[in-house]
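**Q** Add 22 to a position in the sequence shown, counting from 1, and you land on the number used in our numbering.
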Amino acid sequence: MKHAINNLIKKIIAARSSTVNLYPPLFGLVPKVAPYIETSLIGPLLRRMIMIEPDEGRFTQGYFLNLNEDITDNAQGVVLPIEMIKQVIKDSPYRMVMNRCLCRVAHDCQDYPHDIGCIFIGEGARVAVENDIARELTLEEALAYVDRGAELGLIGHALWVEFESYVWGIKDEDVHRCLDICFCCPCCCTAFNLLRNSNYKKLTSRFRSIGWKASSEDEACSNCLLCVKKCPVSAISSRGDRLVMDEEACLGCGICAVSCPDKAIRLSLKTPLKGGIKDYFEQGGLTLDV
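1) Cβ of Ala166 within 8 Å of Cβ of Ile141?
2) Rounded to whole angstroms, what is the Cα-Cα separation between Phe49 and Ile299?
3) One question on the structure: do Asn121 and Gly139 come within less than 8 Å of each other, judged by their Cβ atoms?
4) Going by other Cβ atoms of all chains shown within 10 Å of its Cβ, with 16 needed for buried, is Leu51 buried or exposed?
5) In the DSSP output, what is Leu201 paired with across the bridge?
6) With the cut-off set at 8 Å, would you say Gly144 and Leu201 are in Cβ contact?
7) How many angstroms separate the CA atom of Ile64 from the CA atom of Val183?
8) Between the C-alpha atoms of Arg70 and Pro76, what's the straight-line distance to the nearest angstrom?
9) Report the residue from Glu304, Ser238 and Lys296 whose alpha carbon sits nearest the alpha carbon of Val280.
10) My guess is that Thr309 and His179 are in contact by the Cβ rule of under 8 Å, so how many angstroms apart are they, rounded?
11) Are the beta-carbon atoms belonging to Pro254 and Pro283 less than 8 Å from one another?
12) Comparing alpha-carbon positions, which option in Cys123, Val168, Trp190 and Phe214 lies nearest Gly146?
13) Closest by CA to Ile177, which one among Val101, Cys125, Leu89 and Gly262?
14) Nearest CA to the CA of Cys204: which residue from Gly262, Val119, Gly306 and Val312?
15) Excluding the five sequence neighbours on either side, which residues of its own chain have a C-beta within less than 7 Å of the C-beta of Cys278, listed in chain order?
16) May I ask which residues mark the beginning and end of the alpha helix (DSSP H) holding Tyr58?
17) Report all residues from its chain with a CB closer than 6 Å to the CB of Asn28; omit the five preceding and five following residues, and keep chain order.
18) Going by DSSP, which residues form a beta bridge with Cys206?
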């Protein structure tokens with residue numbers, strides 16, 4: 023009965039071509055309420071609304087994957103993040119792309135195109151195409167889409183957010199049959215802005231690096247501090263004429279390295295990679311059938 027009620031609610035409120043313009047303000051609002059998530063007064067309600075509590079059975083999580091091969095230390099002889107994204111897309115029987123990025127629409131982004139939306143893979147995503155807010159992709163189109171995201175300097179983000187199943191209308195029985203591959207910009211991404219605005223560990227710890235971390239070459243650094251300003255999680259600080267990297271906080275997104283005019287920052291693999299993207303979600307308690 024619970025699933026039937028949930029599915030009815032999802033069917034009623036799911037974004038459609040006629041209503042999708044109502045949803046960007048919601049995406050813009052979420053980071054604004056982030057500072058209040060850990061408060062005692064309204065925090066419990068907010069945490070339930072975004073479905074990160076109660077802890078049991080809540081599997082919202084995301085993994086950042088840099089798409090820019092030029093800033094990745096590929097001398098380590100490992101699979102690059104962009105190839106991991108392409109592989110999970112190749113392995114999926116179904117793939118589609120949102121017509122627009124609701125995060126960039128919400129913030130009226132001036133730096134990156136609004137028409138680079140998220141790719142969804144897995145049969146659970148079909149409902150978005152049926153509701154006319156997305157279109158199906160061939161494998162070749164999907165892989166070319168990833169390459170375009172890389173060319174634009176966007177950040178790959180493999181993401182599964184439980185409350186978004188209500189936005190897209192994904193039935194309870196299909197939520198494990200869907201995975202979101204976002205192409206995030208540092209200015210508008212809801213996840214980045216959540217991490218900027220909240221110190222609530224039960225939320226921030228759900229967004230992770232897959233093992234890549236940023237490091238600086240002090241002799242090449244001119245101490246312009248652009249990376250300090252650009253880092254979405256404040257993982258970089260300056261101490262005298264040296265950069266200090268907080269390796270634990272670093273998401274390995276590569277924004278700092280892409281922004282660095284001195285090319286003094288690179289991404290290096292600090293922990294062994296898993297077999298594929300789905301393995302990271304498995305570790306997080308979520309078995310995906312995509």
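C-beta atoms are modelled at their ideal positions from N, C-alpha and C, and glycine is treated no differently.
Since this is a predicted model, take the numbers as computed values, not measurements.
**A** With the structure as the only source:
1) no
2) 25 Å
3) yes
4) exposed
5) Ile143
6) yes
7) 21 Å
8) 7 Å
9) Ser238
10) Incorrect: roughly 20 Å between the Cβ atoms, too far for contact.
11) no
12) Trp190
13) Leu89
14) Val119
15) Ala236, Cys249, Lys252, Cys253, Ile258 and Ile287
16) Per DSSP, Tyr58 belongs to no alpha helix (DSSP H) and is neither H nor E.
17) Asp194
18) Ile177
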